[in-house]
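Engineer:
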Amino acid sequence: MQELVGHKAAALAAEAERSMARGDVQAAGALAARALSLHAGQPLALAVRERIAALAAPGYSVVIPTCNRLDILQRCLHCLERQTLPRDRFEVIVVDDASTDGTADFLAGYHPPFTLRTIVMPRRGGPGKARNAGIRAARGDIVHFLNDDALIEPHVLALHATLHEALADTPVSVLGRFDFAPPFTDTLWGYTLQHGDLLFRYPTFTHNGLHGHTSYYTCNISTPRQQLVQAGLFDEAFTGGQWGAEDMEFGMRLAALPVPVLFRDDSRSVHVHDVAVEGLARTALVRGGGAVWLFAKHGGSPHYARIGARDVAYWRNLPTRVTERMRELHAVLARTEDLRPAPDPVTAPAPEGTTAPYLRREDHDDMHRLCLGLWPLRTRELLQVIDGVERMALDVLHAAERGATMQECAARLYPAQLFIRFFHDTIGVCGVDTIRRFCPDAPPLPTLDDTRGATPDAAPDETTNGTPNGTTDDMAQPSAAPPRAGKRVLLACNFFWPSVGGTELFIETLGLHLRAQGHHVEVACRWQENRASEVRHGMPIHAFRCHGKFTDPTMGPDTERYRTLVRNGGYDAVIVLAHPDNWACHLLAGLPQPHPRIIMLPSINAENMEHWAERGVLDDIARTLRAADVCVAVSENGHDSRLFTELGVPQAFVPHAMDPAPAPWDMRARLGLPREVPLLACVGNFWPVKNQLALLRRLADAPLDALSDGTPDWRLVLAGGALPWEKERRYFEECWQLARQNPRVRMLGPLPPEEATALIRDADLLLVPSQGESAGPLVVLEAMALGTPWVATPQCNAVHDEGGGVIAPLEDFPRVIGRLLARPDLADELARNGRAHWERCFRWATVAPLFDALVRNGSIPVGARMPDDLRTARQQLADAVLGV
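According to the numbering used here, the sequence shown is numbered sequentially starting from 17.
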């Protein structure tokens with residue numbers, strides 16, 4: 017009888033194994049449980065259960081960014097040990113933002129009762145970048161942000177989890193309190209901050225009420241991960257002197273989805289980082305700089321909208337008399353940090369008729385108006401104001417000596433705190449380069465290029481200058497060519513920085529290389545409200561309110577302004593990269609002579625050709641292409657090259673180029689992915705043409721089951737941003753829901769370019785399921801350079817002339833992937849083939865001189881085509897993989 021039971025358990029375990037191979041984790045778990053109920057030690061059933069446990073994700077992720085506050089962080093983590101939410105239902109991700117106080121060593125040896133994961137940033141990037149790293153690594157459906165100085169009460173995580181479960185069909189962010197506590201609030205200074213609106217406005221929020229983006233405080237707030245990713249994650253440009261509003265800016269994008277903020281007064285945490293006078297000044301400084309960036313991105317009219325260049329220059333270099341008087345004022349106010357007026361506000365009620373406990377700027381209208389108008393004041397006026405504020409502070413001290421209550425003293429102290437806040441806010445406003453969005457005549461601040469020898473960590477809160485797409489201004493610059501007489505070149509495209517994508521990256525890099533060749537380079541592109549500067553890496557940007565295609569009712573109000581710039585801007589050459597029906601290309605047709613040499617890099621794929629034929633506009637496309645002095649094909653034999661030949665337009669073959677600079681850290685470790693499990697990567701923004709949805713469906717229908725060791729397991733990571741338009745938004749949501757059903761799949765959202773490159777480097781395979789690509793796309797060139805084999809659909813145009821991968825229809829992807837994972841020898845050979853092709857043809861050292869020749873001469877020598885030996889070897893390897 018026992019033998020029969022053992023056979024039954026083994027049969028159930030085998031069926032559980034087959035269910036795992038098919039990707040049916042739920043069925044596998046049920047079968048393994050039945051097998052173990054018959055035979056508790058059944059080895060195959062135990063193995064299946066372990067693999068399911070490895071796939072299982074906690075529903076709740078707590079993300080804590082920290083930097084050099086180990087003592088406070090330890091107290092924060094201790095509070096998490098006492099949470100009533102079951103420990104298997106949440107994980108904690110601590111992101112150490114390059115601390116130097118032993119934080120990393122402590123975390124490495126810390127073994128709490130909950131799942132702890134640690135990410136150590138290699139260099140300081142600010143809280144937004146740290147939170148983004150936590151979001152990408154998070155496995156929970158809900159992400160709860162905590163400050164490292166937030167001590168939450170034991171029920172807080174359970175409360176948030178319950179609320180999100182109850183509101184599963186209505187995404188919200190759940191905001192909790194973040195309050196100062198005794199003994200700090202027993203002092204006059206601490207009491208006034210706690211009961212005022214200078215740091216937070218919790219007393220104005222309604223319990224269980226919905227609030228807007230200005231209440232998105234990341235001290236103690238939880239949001240569904242889908243919406244965090246869909247909103248585009250935190251803007252990593254909020255760093256250095258302007259990181260102070262990054263959470264509210266992100267709240268604006270969440271509100272647009274819409275994801276409102278639900279305030280819960282019973283979700284309480286203690287703020288253990290006391291904010292003294294100097295702390296309030298520092299906070300106001302960075303919040304002021306961050307607010308400039310927020311207004312620059314999203315519009316609006318701040319109180320300094322009419323600020324002038326002289327105002328900015330003055331506040332950047334305040335006279336010594338002013339700074340010395342401010343130090344004296346700080347010293348007077350610091351005396352309130354130890355002052356404890358009687359009676360104690362905790363035990364004695366405020367006398368009838370005294371000021372309400374909550375202090376708000378609206379109740380101090382005269383001082384508020386004065387503070388909003390500080391920026392045009394000069395030395396004499398400022399000294400008079402400082403003298404008046406000092407008299408207020410001394411009056412507070414005298415009132416306390418005479419026995420005034422805490423509430424009475426706080427009402428008198430609040431205007432002085434308001435002044436401190438706005439004085440340093442004004443310094444922060446003028447101290448960031450983004451102020452030039454409101455004051456174009458303000459002198460630019462030195463860039464990192466101007467201070468190349470400086471120590472990166474010279475100041476505690478300073479980091480390398482971030483940019484909105486997550487890159488840094490200390491990116492590798494091309495080597496300068498020997499001095500030559502340069503040309504004036506205009507690069508034209510649809511989207512450009514801060515938008516993130518292959519075209520944007522290519523245009524930016526091309527511009528840098530042309531500058532290195534001695535040319536003066538400018539950029540013409542679509543206007544974007546979140547572009548906070550009109551210069552990028554030394555290249556002036558001309559922004560136009562143009563959009564869409566010539567088949568649309570309108571291409572925007574700036575079409576003639578764009579044509580005028582091209583014709584009269586003094587350029588020797590214009591290089592335009594766009595679809596030929598897009599405004600950037602089409603508006604160059606019929607341009608009156610004289611005009612600069614026009615070099616078009618038209619984006620053309622099979623879908624475009626079918627669409628143009630159906631619309632009957634091929635003649636218009638031909639007219640646009642014939643407006644170019646030369647059309648550049650990025651594929652040897654693709655749709656672009658064939659169309660140019662058919663139309664008889666002058667053409668040159670210049671492939672795209674890529675010199676990858678991956679982040680140095682291990683992306684598997686950063687994302688918490690098992691090292692022994694195959695990693696598949698798919699990198700691209702969520703345009704429907706990128707076809708991620710069909711890839712997810714195909715892998716769900718036919719999971720991998722061909723690994724050589726008989727343990728079919730894998731992880732698919734999709735990196736890319738969601739798009740804001742309705743069709744694309746629905747597409748992203750479909751992808752998310754399908755990915756959510758498969759524990760092997762993770763969607764990361766947008767990655768900084770160096771991290772996207774590192775993901776490709778660390779993957780076993782790059783998957784490119786696109787329905788249509790004009791070029792390779794660029795991620796294929798990255799994979800070739802990094803030695804990662806790729807699998808792409810035939811619609812990817814230039815991949816037919818690129819080494820290192822296999823071209824197959826999407827329905828064959830599971831078979832091809834399984835074959836490559838089972839035959840690492842073939843995968844390695846493909847990787848070497850791709851690397852060799854990249855080294856010969858696709859480096860900027862090879863491609864940049866071709867563009868230089870086009871700019872100078874209008875023609876190039878023939879070259880850069882795929883060598884015959886590599887083409888033959890690639891085809892033989894592909895045949896071996898496909899079983900041909």
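Don't be surprised by glycine CBs; every beta carbon is placed ideally from N, CA and C.
Would you mind sorting LEU20 into buried or exposed? The rule is 16 or more other CB atoms within 10 Å of its CB.
Structural biologist: Exposed, because fewer than 16 other Cβ atoms sit within 10 Å of the Cβ of LEU20.
Engineer: Going by the CB atoms, is the gap between ARG298 and HIS440 shorter than 9 Å?
Structural biologist: For HIS440 and ARG298, yes; Cβs fall inside 9 Å.
Engineer: List the endpoints of the continuous beta strand (DSSP E) containing SER15.
Structural biologist: Since the first residue shown for the chain is 17 and the last is 900, residue 15 is missing from the structure and cannot be characterised.
Engineer: Could you tell me which whole alpha helix (DSSP H) segments of length 4 or greater appear in the stretch 235 to 309?
Structural biologist: Within the stretch 235 to 309, the complete alpha helix (DSSP H) runs of at least 4 residues are 241 to 246 and 262 to 271.
Engineer: Just to confirm my understanding: we take ASN148, look at its own chain, exclude 5 residues before and 5 after, and list those with CB closer than 7 Å. What are they?
Structural biologist: Closer than 7 Å at Cβ, skipping near neighbours: LEU249, PHE250 and GLU252.
Engineer: With LEU696 as the anchor, note down where its beta strand (DSSP E) starts and where it stops.
Structural biologist: Its beta strand (DSSP E) spans residues 695 to 699.
Engineer: Which same chain residues, not among the five before or five after LEU886, have their C-beta less than 7 Å away from its C-beta?
Structural biologist: Counting only Cβ-Cβ distances below 7 Å, and skipping sequence neighbours, we find GLY819, ASN849, ALA852 and HIS853.
Engineer: Say the cut is 8 Å; is the CB of LEU270 nearer than that to a heavy atom of the ligand FMN?
Structural biologist: This structure lacks the ligand FMN, and indeed carries no ligand of any kind.
Engineer: Is ILE823 helix, strand or coil when you go by DSSP?
Structural biologist: It is a strand residue.
Engineer: Give the secondary structure of PRO704 by DSSP, where H, G and I count as helix, E and B as strand, and everything else as coil.
Structural biologist: Looking at PRO704 - three-state DSSP - the assignment turns out to be helix.
Engineer: When the Cα atoms are used, what is the spatial distance from VAL108 to ASP157?
Structural biologist: Looking at the two C-alpha atoms, the distance is approximately 13 Å.
Engineer: Considering only the alpha carbon of each residue, which of ALA532, GLY118, THR203 and GLN242 lies closest to ALA292?
Structural biologist: Here the closest residue by C-alpha is THR203.
Engineer: To the nearest angstrom, report how far apart LEU842 and THR888 are at their CA atoms.
Structural biologist: Rounded to whole angstroms, LEU842 to THR888 spans 15 Å at the Cα level.
Engineer: Using DSSP's beta-bridge definition, name the partner residues of THR134.
Structural biologist: THR134 is bridged to VAL110.
Engineer: Take the Cβ of GLY469 as the centre, count every other Cβ of all protein chains shown within 10 Å, and call the residue buried at 16 or more, exposed below.
Structural biologist: With a pLDDT of 34 at GLY469, under the threshold of 50, the modelled position of that residue is not reliable, and the figure given next carries that caveat. Result: exposed.
Engineer: Note down, in chain order, each residue of its chain lying with its Cβ closer than 6 Å to the Cβ of VAL286, except the 5 sequence neighbours on either side.
Structural biologist: Here the set comprises LEU167 and ALA197.
Engineer: By DSSP, does TRP599 sit in helix, in strand, or in coil?
Structural biologist: TRP599 falls in the helix class under three-state DSSP.
Engineer: Could you compute how far the alpha carbon of THR519 sits from the alpha carbon of ASP381?
Structural biologist: The straight-line gap from Cα to Cα measures roughly 50 Å.
Engineer: For THR82, report the span of its alpha helix (DSSP H) as first-last.
Structural biologist: Here THR82 belongs to no alpha helix (DSSP H); instead the beta strand (DSSP E) covers 76 to 82.
Engineer: Rounded to the nearest angstrom, what separates VAL338 and CYS446 at their Cα positions?
Structural biologist: If you take the alpha carbons of VAL338 and CYS446, they lie about 16 Å apart.
Engineer: Assign GLY369 to buried or exposed, taking buried as 16 or more other Cβ atoms, counted over all protein chains shown, within 10 Å of its Cβ.
Structural biologist: Per-residue confidence for GLY369 stands at a pLDDT of 43, beneath the threshold of 50, marking its modelled position as unreliable; the derived number appears in the next sentence. Per the 10 Å Cβ criterion, exposed.
Engineer: Would you call ASP282 buried or exposed, if buried means 16 or more other Cβ atoms sit within 10 Å of its Cβ?
Structural biologist: Per the 10 Å Cβ criterion, exposed.
Engineer: I'd like to know whether the C-beta atoms of PRO690 and ARG777 end up nearer to each other than 9 Å.
Structural biologist: Not a contact, by the Cβ cut-off of 9 Å.
Engineer: State the start and end residues of the unbroken beta strand (DSSP E) segment that holds MET625.
Structural biologist: First-last for MET625: 622 to 631, but that is the alpha helix (DSSP H), not the beta strand (DSSP E).
Engineer: Strictly by DSSP, which residues pair up with LEU434?
Structural biologist: According to DSSP, which records beta bridges pairwise, LEU434 is partnered with nothing at all.
Engineer: Along the chain, where does the alpha helix (DSSP H) that runs through GLN891 open and close?
Structural biologist: That run of the alpha helix (DSSP H) goes 884 to 898.
Engineer: Mind reading off the beta-carbon distance from GLY736 to GLY700? Whole number of angstroms is fine, and I expect it under 8 Å.
Structural biologist: Going by Cβ atoms, the distance from GLY736 to GLY700 rounds to 5 Å, so yes, they are a contact pair.
Engineer: Give a yes or no on contact between the stretch 656 to 671 and the stretch 737 to 745, applying the rule of three or more CB pairs nearer than 8 Å.
Structural biologist: With the cut-off at 8 Å, the stretch 656 to 671 and the stretch 737 to 745 do not touch.
Engineer: Would you call the stretch 118 to 132 and the stretch 313 to 327 in contact, with 3 or more CB pairs under 8 Å?
Structural biologist: Short answer: they don't touch.
Engineer: Pull up the distance between the alpha-carbon of LEU521 and that of ASP588, whole angstroms please.
Structural biologist: Each residue's Cα considered, the two are about 23 Å apart.
Engineer: With H, G and I counted as helix, E and B as strand and the rest as coil, what does DSSP make of MET383?
Structural biologist: Helix.
Engineer: Would the beta-carbon of THR234 fall within 9 Å of that of ASP263?
Structural biologist: For THR234 and ASP263, yes; Cβs fall inside 9 Å.
Engineer: Measure the C-alpha to C-alpha separation of PRO563 and GLY572 and round it to an integer number of angstroms.
Structural biologist: The question names Pro, but residue 563 in the sequence shown is His. Cα to Cα, the separation comes out at about 6 Å.
Engineer: Which first and last residues belong to the beta strand (DSSP E) in which PRO765 is found?
Structural biologist: The displayed chain sequence assigns Gly, not Pro, to residue 765. Element bounds for GLY765: 761 to 765.
Engineer: Out of TRP860, GLY315, ARG756 and TYR747, point me to the one whose CA is closest to LEU797's CA.
Structural biologist: Among TRP860, GLY315, ARG756 and TYR747, the Cα nearest to that of LEU797 belongs to TRP860.
Engineer: Give the secondary structure of GLU538 by DSSP, where H, G and I count as helix, E and B as strand, and everything else as coil.
Structural biologist: Strand.
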